[in-house]
Amino acid sequence: MSDINDGASLIKDGKLTFNSEGNNIKGSKYYSRVIHYPERGGLSGVTIGRGYDMGKRTRQEIYSDLTMAGISQEKSTIISHSAGLIGFQAKEFVRVNKDKIGEITEQQQISLFKHTYRSYVIRARSVYNQKTKDMREKPDWEELQPAIRDILIDIVYQGYRGDTIMLAATTNNIDDIISLIMNSSELRRDENSRNRVKYLNESRAR
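Under UniProt numbering, think of the first position of the sequence shown as 1, with each following residue one higher.
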């Protein structure tokens, strides 16, 4: 049996997110090397790898990203037909096509994640700057503690708007972020799968 996260040791940036977006246990509901449907409030799309959600992507974008990661043209073409599907349509696409498409390799999964994560770093920084633009005194994105930046990126990666946590991050204080997570019913509900509080606490020793 594969380890839960075989490729995590090869991930430098985004390890928190990589570990939270699936596992490598074949047959598991969260096995990420096949297309799957995360079932988060009916808003998710068909997903492949660690959180590459195709619900809001175009066919061309999907095909380009997948082939860039080393996935075959044939497999990428089939997967790209899930572009824009969410909810029941996404779930049905997975049911019909999962076995036909088969698995991607661990290296392909890692390559796809690295490419995707880089775009979310840029997106999270943009969200942070936008949400805090009216604050006179705040740390620049680069001045935030690395663990806090990782949490903000993970929040955006998961699909949240991040209104309150972006503002909380301006104190640049780990305890403030932990307090917000534990007092938010939405974020606290995610703790079993995302382990953000544990990650923040462990960062104190790094």
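From the three backbone atoms N, C-alpha and C, an ideal C-beta is built for every residue, glycine too.
None of the values given here were measured: they were computed from a predicted structure.
- Comparing C-alpha distances from arginine 33 to each of Thr17, Ser44, Phe18, Arg50 shows the shortest one belongs to Arg50.
- Between arginine 196 and isoleucine 181, the C-beta spacing is below 8 Å.
- Unbroken beta strand (DSSP E) runs of no fewer than 3 residues, entirely contained in the segment 23-109, are not found.
- By the CB criterion at 8 Å, isoleucine 174 and alanine 147 fall inside the cutoff.
- Bounds of the alpha helix (DSSP H) holding serine 185 are 185-189.
- Taking the C-beta atoms as reference points, tyrosine 37 is found no nearer than 8 Å to alanine 83.
- For leucine 10, there is no enclosing alpha helix (DSSP H), since its DSSP letter is neither H nor E.
- Looking from the CA of arginine 123, the closest CA among Lys138, Leu144, Tyr157 belongs to Tyr157.
- Here isoleucine 104 is near isoleucine 48, since their CB atoms are less than 8 Å apart.
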